[in-house]
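2 protein chains.
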Amino acid sequence: MIRILCRDGAARRGEAATAHGLFQTPAFMPVGTAGAVKALTCEDLEEIGVEIILGNTYHLYLRPGPETIRESGGLAAFSGWGKPTLTDSGGYQVFSLKDRLRISDDGVEFRSHHDGSTHLFTPEKVIQIQHAIGADIIMAFDQCVPYPAERRAVEEGVRRTGEWAARCAREHERRSESGPDPGRLFGIVQGGTYADFRTRSAEQILALDLPGNAIGGLSVGESKAEMEAMLAHTVPLLPADKPRYLMGVGYPEDILTAVSYGVDMFDCVLPTRNARTGNVFTTVGPITYRNAAYAQDQRPLDPHCGCRVCRRYTRAYLRHLYNQSEITGIVLASYHSVYFFQELMRGIRRAIEERRFDAFRREFLARYAGE
Amino acid sequence: MIRILCRDGAARRGEAATAHGLFQTPAFMPVGTAGAVKALTCEDLEEIGVEIILGNTYHLYLRPGPETIRESGGLAAFSGWGKPTLTDSGGYQVFSLKDRLRISDDGVEFRSHHDGSTHLFTPEKVIQIQHAIGADIIMAFDQCVPYPAERRAVEEGVRRTGEWAARCAREHERRSESGPDPGRLFGIVQGGTYADFRTRSAEQILALDLPGNAIGGLSVGESKAEMEAMLAHTVPLLPADKPRYLMGVGYPEDILTAVSYGVDMFDCVLPTRNARTGNVFTTVGPITYRNAAYAQDQRPLDPHCGCRVCRRYTRAYLRHLYNQSEITGIVLASYHSVYFFQELMRGIRRAIEERRFDAFRREFLARYAGE
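Chain order of the listed sequences is A and B. Residue numbers -6 to 364, in my numbering, belong to the letters of the first sequence in order. Residue numbers -6 to 364, in my numbering, belong to the letters of the second sequence in order.
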């Protein structure tokens, strides 16, 4: 499903195909937890140049429920987006519930954060839910072990993730024989910060020969050096002719590192979540735009940004709106932040095409550090 | 400042000029309390065809403060809007504080809803604040008497409103001699539901020969029949060669009634406030889109609406977003509702031009009642 257009070192510039159209890689997928990228409309996302968004299986399963989405024609139709979508496995969210869950080899029993009702996610159930939601790319149910973790716990997580992925693949195949396009199932490699477990997990997942592969369980608290060591070890294990997706990442510097090792896809809540707490990313580094320091600042959020928010609105105005809890302020800050990440990806893609990715990365990071 | 282009009965179709450009009348001004129409961007408002927005003097005075807005170049520049703006007098908001105020002939002492700090609004102070905010149209400080009210209380309100308007006019003139364009000052006719007091108030206000005149103190709880009686009595008292502005109105049926008597300008928080509580206006009447009845409804909010929300999103989706407290849902519902009112005004203006306002009104109300 991915065509690699060119390479610069290990970095790849590609084009991925789905039932709802193409998306260019390396790609950053904004997160639309409940079927909408928070505070933004589909028109905003189109204008920004977003090509694929992510929905959270856990949230969509609870509300509005997979059947409502299926009856609306699947996530792309339900949300009005109409373009490529991906749903995560729900594993990351479910395991975040911590004291509200019971884990066994069969699956995970958990209590809803809405009403405390009890639910069971098994690998089979998660595939059934994702088929009903109907995203173009769906993810195998995995066990994400919190960081830091003992070898023993990570080893068990790797074993379960492998067994669950096999069950997901079987269920996916069984259900794909009937019914409409079921989406492409990606496997997830776990293994924490232990290289040997990453290898073992990759072997188990790759044996299933799925159309794409993801790396999970990073950016969960480990150091940047640990993350990079795991990427250096794991990415080369993943087949070059399939998309490689680093889940839940992340910061601009981490995206640049991962691209340099050959990762194609990213997702993260950072741009929209930070915007809602008064923080935005800019080409000269993150700023806390809610701060009093900006009360009279007539500059745009990012002086080097060409987005329609930076072309029109001042920090003084956005700071005022944030402090008055005005939704408009959240909308504008979210727009800029999502634009910032898409612009980063456009820069990365152009740089790979022009075989100057290392220089691009260096220059971006220097400016981002305020140098 | 208004050029009447044509008439149909008492209804007028005009064009009003301000330092920030023209706006067509009859006009509906969305309310941007804190300098933003809640949940919408300037780009949204432009796309919808809004030509003038209203800011609340009380709110902008408290946050971010008139000096911050002045230093940003005035409300149009501060907010990024760049087009015509109007600020209310603060009277309506201040008198809504009820137990937090002390009224005298000098002015009103009140406590901020933010932090309880004490402030004094005098007619002179309100003009100074509005000059700093720098809207194109500013309003005289008035006393809005709650409904229902005894004749005695209304009479006192009329007297104060008249005296305060004269002080506002003097202060406005004094400050207009120096400094940049001070905006056009409108007077406000009060008098509750008593025709004789409306006459007296109109006499006092019209004696000041201000460039526009408003009717205040309606749509505050009186019946629709009482409101119409006051409009029938008061509107003809106001000079035909100046804009007539009915403050805080309102519902589509009330706008149509007021236009039929010759009102040119309206403002109301209804479209955006209702959208935020799960209600929208549609051509077939208001709907509570958050209701469970719409959970599977694949129709747009308004089947007869051409706005970009109705062209793309379903009631099922918007109901889901509302119930998940997703900002995107509020954005989309607010967009539709503001569009609905602008579309109503466009229909009214076209109908007056084509001398078929009565038929337009009848047909609109029949459809709106679900007939």
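Think of the CB as a built atom: it goes at the ideal place given N, C-alpha and C, for glycine as much as any other residue. Given the structure is predicted, the values throughout are model-derived calculations rather than measurements.
Test: residue i CB closer than 8 Å to a CB of chain B
{"i": "Lys76 (chain A)", "result": "no"}
{"i": "Asn316 (chain A)", "result": "yes"}
{"i": "Phe357 (chain A)", "result": "no"}
{"i": "Cys137 (chain A)", "result": "no"}
{"i": "Pro57 (chain A)", "result": "yes"}
{"i": "Leu325 (chain A)", "result": "yes"}
{"i": "Ser105 (chain A)", "result": "no"}
{"i": "Ser89 (chain A)", "result": "no"}
{"i": "Ala288 (chain A)", "result": "yes"}
Supposed close pair residue i, residue j - CB separation, criterion 8 Å
{"i": "Val256 (chain A)", "j": "Leu239 (chain A)", "result": "5 Å"}
{"i": "Arg354 (chain B)", "j": "Pro19 (chain B)", "result": "At roughly 12 Å, the Cβ-Cβ gap does not stay under 8 Å, so Arg354 (chain B) and Pro19 (chain B) are not in contact."}
{"i": "Val87 (chain A)", "j": "Phe114 (chain A)", "result": "6 Å"}
{"i": "Leu203 (chain B)", "j": "Phe179 (chain B)", "result": "6 Å"}
{"i": "Pro77 (chain B)", "j": "Gly7 (chain B)", "result": "Actually they do not touch by this definition, with Cβ atoms about 14 Å apart."}
{"i": "Gly150 (chain B)", "j": "Gln183 (chain B)", "result": "5 Å"}
{"i": "Gly48 (chain A)", "j": "Thr80 (chain A)", "result": "5 Å"}
{"i": "Leu224 (chain B)", "j": "Ala195 (chain B)", "result": "Not confirmed; about 12 Å, so no contact."}
{"i": "Tyr332 (chain A)", "j": "Cys300 (chain A)", "result": "4 Å"}
{"i": "Tyr361 (chain A)", "j": "Thr276 (chain A)", "result": "7 Å"}
{"i": "Gly116 (chain B)", "j": "Glu164 (chain B)", "result": "The question names Gly, but residue 116 (chain B) is Pro in the sequence shown. 7 Å between Cβ atoms; contact."}
{"i": "Ile41 (chain B)", "j": "Trp74 (chain B)", "result": "Actually they are not in contact, since the Cβ atoms of Ile41 (chain B) and Trp74 (chain B) sit about 13 Å apart, beyond 8 Å."}
Unbroken alpha helix (DSSP H) run spanning residue i, endpoints
{"i": "Gln121 (chain A)", "result": "Pro116 to Ile126"}
{"i": "Phe334 (chain A)", "result": "Ile320 to Glu346"}
{"i": "Thr154 (chain B)", "result": "Arg144 to Ser169"}
{"i": "Leu90 (chain B)", "result": "Note, Leu90 (chain B): premise wrong, no alpha helix (DSSP H); not H, not E."}
{"i": "Phe134 (chain B)", "result": "First-last for Phe134 (chain B): undefined, no H or E at that position."}
{"i": "Leu68 (chain A)", "result": "Leu68 to Phe71"}
Below-8 Å beta-carbon distance, residue i vs any chain A residue
{"i": "Gln291 (chain B)", "result": "yes"}
{"i": "Glu196 (chain B)", "result": "no"}
{"i": "Ser171 (chain B)", "result": "no"}
{"i": "Glu319 (chain B)", "result": "yes"}
{"i": "Ser330 (chain B)", "result": "no"}
{"i": "Thr227 (chain B)", "result": "no"}
{"i": "Ala29 (chain B)", "result": "yes"}
{"i": "Glu39 (chain B)", "result": "no"}
{"i": "His297 (chain B)", "result": "no"}
{"i": "His313 (chain B)", "result": "yes"}
Distance, residue j Cα to residue i Cα
{"i": "Pro173 (chain A)", "j": "Tyr85 (chain A)", "result": "27 Å"}
{"i": "Ala352 (chain A)", "j": "Asp247 (chain A)", "result": "16 Å"}
{"i": "Leu358 (chain A)", "j": "Arg349 (chain A)", "result": "14 Å"}
{"i": "Gly269 (chain B)", "j": "Gly155 (chain A)", "result": "Rather than Gly, the amino acid found at residue 269 (chain B) in this sequence is Arg. Going by the C-alpha atoms only, they are around 46 Å apart."}
{"i": "Arg63 (chain A)", "j": "Pro279 (chain A)", "result": "39 Å"}
{"i": "Phe103 (chain B)", "j": "Gly83 (chain B)", "result": "11 Å"}
{"i": "Tyr287 (chain B)", "j": "Leu294 (chain B)", "result": "10 Å"}
{"i": "Ala3 (chain A)", "j": "Glu347 (chain A)", "result": "14 Å"}
{"i": "Asp98 (chain A)", "j": "Thr111 (chain A)", "result": "18 Å"}
{"i": "Met22 (chain A)", "j": "Arg144 (chain A)", "result": "31 Å"}
{"i": "Pro232 (chain B)", "j": "Arg191 (chain B)", "result": "15 Å"}
{"i": "Ser171 (chain B)", "j": "Arg339 (chain A)", "result": "51 Å"}
{"i": "Arg152 (chain B)", "j": "Ala207 (chain B)", "result": "16 Å"}
{"i": "Ser65 (chain A)", "j": "Pro141 (chain A)", "result": "41 Å"}
{"i": "Val388 (chain B)", "j": "His124 (chain A)", "result": "Because chain B in this structure spans residues -6 to 364, residue 388 (chain B) falls outside the shown range and cannot be described."}
{"i": "Ala32 (chain B)", "j": "Cys298 (chain B)", "result": "20 Å"}
{"i": "Arg56 (chain B)", "j": "Ala29 (chain B)", "result": "13 Å"}
{"i": "Leu90 (chain B)", "j": "Lys217 (chain B)", "result": "25 Å"}
{"i": "Pro264 (chain A)", "j": "Phe259 (chain B)", "result": "39 Å"}
{"i": "Ala9 (chain A)", "j": "Cys(-1) (chain A)", "result": "13 Å"}
Endpoints, the beta strand (DSSP E) within which residue i is located
{"i": "Leu314 (chain B)", "result": "That residue, Leu314 (chain B), is in no beta strand (DSSP E); its alpha helix (DSSP H) goes Arg308 to Asn316."}
{"i": "Gly180 (chain A)", "result": "Arg177 to Val182"}
{"i": "Asp260 (chain A)", "result": "Met258 to Cys261"}
{"i": "Glu196 (chain B)", "result": "First-last for Glu196 (chain B): Ala188 to Leu199, but that is the alpha helix (DSSP H), not the beta strand (DSSP E)."}
{"i": "Glu102 (chain B)", "result": "Val101 to Arg104"}
{"i": "Arg0 (chain B)", "result": "Ile(-5) to Asp1"}
{"i": "Leu358 (chain B)", "result": "Element bounds for Leu358 (chain B): not the beta strand (DSSP E) but the alpha helix (DSSP H), Phe350 to Tyr361."}
{"i": "Leu79 (chain A)", "result": "Thr78 to Thr80"}
Interface flag, residue i vs chain C, CB-CB below 8 Å
{"i": "Arg283 (chain A)", "result": "As a matter of chain content, chain C is missing from the structure shown, whose protein chains are A and B."}
Next on the checklist: Ignoring anything shorter than 3 residues, give me the beta strand (DSSP E) runs that lie fully in the region 204 to 242 of chain A, in order along the chain.
Outcome noted: 205 to 208 and 237 to 239
Next on the checklist: So within the region 7 to 62 of chain B, which uninterrupted alpha helix (DSSP H) runs reach at least 4 residues, ignoring any that extend past its ends?
Outcome noted: 35 to 41 and 50 to 55
Item to check | Segments of 4+ residues assigned as alpha helix (DSSP H) that fall wholly inside the region 251 to 291 of chain B | outcome: 263 to 269
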